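Chains as they are written, first to last, in my numbering: chain A, 407 to 682; chain B, 407 to 682.
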């Protein structure tokens with residue numbers, strides 16, 4: 407593992423690492439912000455999963471999360487959204503499948519299954535690697551994300567006991583019921599929709615998965631709201647399953663990082679409270 | 407004038423305009439953030455001048471200034487750094503001269519003098535245009551900037567009475583004494599260094615220009631510190647002229663937007679206090 411960037415930010419360090427991942431069988435990059443408090447004692451970790459087309463850089467440069475993380479003494483991990491340059495024909499052809507669009511699933515269908523193991527990458531590669539850092543309190547890990555990454559945060563939190571708390575920005579809340587999810591799941595997992603249910607927040611909840619609480623922010627001027635995101639389905643599933651959901655519908659906000667930047671402080675504070 | 411972007415951000419509006427400017431004789435773009443307070447009463451304006459290679463987008467997406475401006479009720483104006491696409495041979499050839507590198511001077515040398523009138527653009531085009539907006543209190547205008555834009559902020563504040571207060575991030579404080587400034591001034595203004603003095607903060611101060619106070623942040627890990635920025639020269643000039651300068655040397659910070667994002671809150675608060 408090597409450090410490829412190291413910036414001072416809000417009194418802490420914004421690091422970017424490159425490492426070989428055994429799950430995805432390729433080199434991967436991730437960003438880790440260490441707040442100033444990490445100099446003196448281990449700090450909790452907030453994982454942020456990014457959306458379609460993004461890598462670690464988008465949230466790191468545009469969301470301003472470092473400010474809130476420095477305030478609360480929380481480290482901030484931003485992995486990439488897929489393997490890169492793994493020589494699969496078509497991997498770079500579309501924005502919503504292949505490179506930049508790993509959907510946080512473990513692919514089972516050729517040719518994607520050899521490298522597109524993003525669920526395993528997050529859980530078994532990058533999290534254990536970051537947990538080895540003495541600056542991190544590996545017992546306190548929370549997860550959030552945006553759009554495809556909001557889907558990743560919800561499904562990883564619902565399907566494991568690895569995360570203290572979960573939140574999401576404009577998540578793809580019911581991917582089995584939208585074009586983005588259908589395309590990704592059929593491509594990575596095949597046509598049997600039974601195999602899709604492990605990667606759909608609403609289906610997971612219907613099938614009995616649960617968490618203590620969920621915070622979701624959703625912009626009402628989001629260009630993908632009706633077709634792709636389906637917050638109403640998440641709301642119905644949570645209601646039926648008695649999972650407390652705080653779904654904040656934010657008038658005027660779209661799907662961009664202007665939306666995320668406006669509410670990231672609330673999400674960091676939400677997780678900070680649950681780390682106590 | 408037309409609005410080409412309109413994002414909701416921290417309860418306010420992040421707007422981007424396109425307009426024809428008579429000073430630069432071309433279409434120009436600028437960004438204007440209106441905080442939520444501007445919905446009910448006119449708010450003061452903070453002008454931010456960007457550095458080499460930037461346009462309005464860098465500070466708008468990376469600095470997080472909207473958060474502080476929403477807190478204090480201040481509008482935030484980010485103009486472009488030069489004319490664009492004006493068909494001058496070589497305008498796009500180098501990062502430190504021509505497009506993206508207008509240096510906030512009124513060029514006097516052909517072929518640049520026809521379009522590269524960035525001092526006049528700021529003072530006589532974009533500021534009057536923004537002042538027409540009923541959401542802006544045109545009596546309260548402050549200025550800041552980064553690197554080349556820090557130079558612009560200092561020299562515009564020192565050479566006019568248009569600004570309530572001035573601050574800068576890692577300004578090119580003595581351009582006559584560094585390669586960036588020498589190249590730009592000889593190209594835009596010709597070889598007679600007497601004509602350069604109106605665009606050099608230290609020379610302006612030596613020649614009697616003054617302001618009430620200056621706030622400067624400078625990263626000590628800034629890769630351009632010794633060769634290009636010359637904060638010591640600004641400090642010496644201010645000391646000799648009895649101009650109160652708060653020069654904060656920040657260990658670890660480089661020249662990037664990670665540095666600006668870390669301290670933009672302090673600068674917005676500094677100007678907010680002086681608007682009272």
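Using N, Cα and C, we set each Cβ at its ideal position, and we do this for glycine too. Being a predicted model, the structure only gives us computed values, none of them experimental.
Cβ separation of residue i and residue j, assumed to be a contact under 8 angstroms, to the nearest whole Å
i	j	result
residue 575 of chain B	residue 623 of chain B	5 angstroms
residue 454 of chain A	residue 481 of chain A	Not really, about 11 angstroms apart at Cβ, beyond 8 angstroms.
residue 637 of chain A	residue 606 of chain A	Residue 637 of chain A to residue 606 of chain A, Cβ: 14 angstroms. No contact.
residue 416 of chain A	residue 486 of chain A	That pair is no contact at about 23 angstroms.
residue 553 of chain B	residue 458 of chain B	6 angstroms
residue 625 of chain A	residue 665 of chain A	5 angstroms
residue 513 of chain B	residue 600 of chain B	Not quite, the Cβ-Cβ distance comes to about 16 angstroms (not below 8 angstroms), so this is no contact.
residue 612 of chain A	residue 643 of chain A	6 angstroms
residue 660 of chain B	residue 632 of chain B	Not a contact, Cβ separation roughly 13 angstroms.
residue 620 of chain A	residue 547 of chain A	Wrong, their Cβ atoms sit about 16 angstroms apart, outside the cutoff.
residue 429 of chain A	residue 527 of chain A	4 angstroms
residue 511 of chain A	residue 484 of chain A	19 angstroms between Cβ atoms; not a contact.
residue 434 of chain A	residue 427 of chain A	5 angstroms
residue 478 of chain A	residue 670 of chain A	Contact doesn't hold; Cβ gap of about 12 angstroms is too wide.
Residue i - DSSP class collapsed to helix/strand/coil
i	result
residue 420 of chain A	strand
residue 545 of chain A	strand
residue 573 of chain B	strand
residue 538 of chain A	coil
residue 584 of chain B	coil
residue 443 of chain A	helix
residue 454 of chain B	strand
residue 554 of chain B	helix
residue 649 of chain A	coil
residue 408 of chain B	strand
residue 622 of chain B	strand
residue 633 of chain A	helix
residue 567 of chain A	coil
residue 561 of chain A	helix
residue 656 of chain B	strand
residue 437 of chain B	strand
residue 460 of chain B	coil
residue 668 of chain B	helix
Cross-chain neighbours of residue i in chain B, by beta carbon under 8 angstroms
i	result
residue 667 of chain A	415, 416, 470, 472, 473
Residue i burial status per 10 Å Cβ neighbour count (16 or more: buried)
i	result
residue 501 of chain B	exposed
residue 560 of chain B	buried
residue 424 of chain A	exposed
residue 441 of chain B	buried
residue 578 of chain B	buried
residue 616 of chain A	exposed
residue 668 of chain B	buried
residue 587 of chain B	buried
residue 549 of chain B	buried
residue 414 of chain A	buried
residue 646 of chain B	exposed
residue 493 of chain A	exposed
residue 657 of chain B	exposed
residue 489 of chain B	buried
residue 540 of chain A	exposed
residue 407 of chain B	exposed
residue 410 of chain B	exposed
residue 531 of chain A	buried
Chain A contact residues for residue i, given Cβ-Cβ distances below 9 angstroms
i	result
residue 583 of chain B	Here the premise fails: no neighbours, minimum Cβ distance about 27 angstroms.
Neighbouring residues, chain B, relative to residue i (Cβ below 9 angstroms)
i	result
residue 663 of chain A	467
Per-residue contacts from residue i into chain B (C-beta, under 7 angstroms)
i	result
residue 658 of chain A	414
residue 443 of chain A	Within 7 angstroms Cβ-Cβ: nothing; residue 443 of chain A doesn't reach chain B, min ~16 angstroms.
Neighbour list for residue i in chain A, Cβ cutoff strictly below 8 angstroms
i	result
residue 420 of chain B	664
With 8 angstroms as the C-beta to C-beta threshold (strictly closer), list the residues of the region 620 to 631 of chain B near chain E in chain order. Judged by its chain identifiers, the structure shown contains no chain E, and its protein chains are A and B.
Can you check the region 464 to 532 of chain B for any alpha helix (DSSP H) of at least 4 residues that lies completely inside it and give the ranges in chain order? 471 to 478
Runs of alpha helix (DSSP H) lying entirely within the region 589 to 620 of chain B, each at least 4 residues, in chain order: 607 to 612
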